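Residue numbers (the working numbering): 9 to 180.
Written out as structure tokens, the structure is:
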């Protein structure tokens with residue numbers, strides 16, 4: 009995929025599950041800063057994301073090279089043990105939560121992550137959301153740098169899932 013190409017997000021389908029699980033495994037093994045492992049994201053979570061029609065894929069050359077979850081913020085909060093949301097912008101009335109974002113390790117470092125994030129924000133806007141909230145592992149400096157440089161606002165930090173997280177938002 010050339011650097012100018014805009015990735016196209018398409019809803020993941022049940023038949024994509026094995027390939028998506030393999031992508032997540034590769035990220036867990038080859039991108040330690042992601043803090044993904046054999047337990048997260050697991051097959052059950054990814055299957056549920058597909059069933060709920062919240063998981064999107066980017067395909068290049070017939071292969072899934074990236075995924076992103078886009079779901080209603082209320083659904084995200086309902087699944088959280090500690091819904092600390094930091095200092096969110098109260099003018100955002102209909103936000104989505106972004107998550108389970110990854111890029112095939114062989115394609116990292118070439119701007120694809122930034123382009124997938126931009127395409128995800130556009131998709132969220134097209135779906136009627138007026139803001140996006142998400143968190144990133146604080147130690148994943150490459151990801152945190154991308155979000156900072158794209159204009160996301162840091163709204164706080166929290167410790168969840170045994171990880172130190174940076175909370176981000178963007179008004180759409």
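A virtual CB, placed ideally from N, CA and C, is assigned to each residue, including glycine. Everything numeric in this text was worked out from a predicted model, so none of it was measured.
Between the alpha carbons of residue 152 and residue 13 lies a gap of roughly 23 Å.
For residue 22, the three-state secondary structure derived from DSSP is helix. Beta-bridge partners assigned by DSSP to residue 55: none are found. Boundaries cannot be given for residue 48, as no alpha helix (DSSP H) includes it and DSSP labels it neither H nor E.
By the neighbour-count criterion, in which 16 or more other beta carbons inside 10 Å mark a residue as buried, residue 77 falls on the buried side. Residue 20 holds the alpha-carbon nearest to the alpha-carbon of residue 65 among 171, 20, 144, 163. In this chain, the beta strand (DSSP E) harbouring residue 78 covers 71 to 80. Spanning the alpha carbons of residue 117 and residue 97 requires a straight line of approximately 31 Å.
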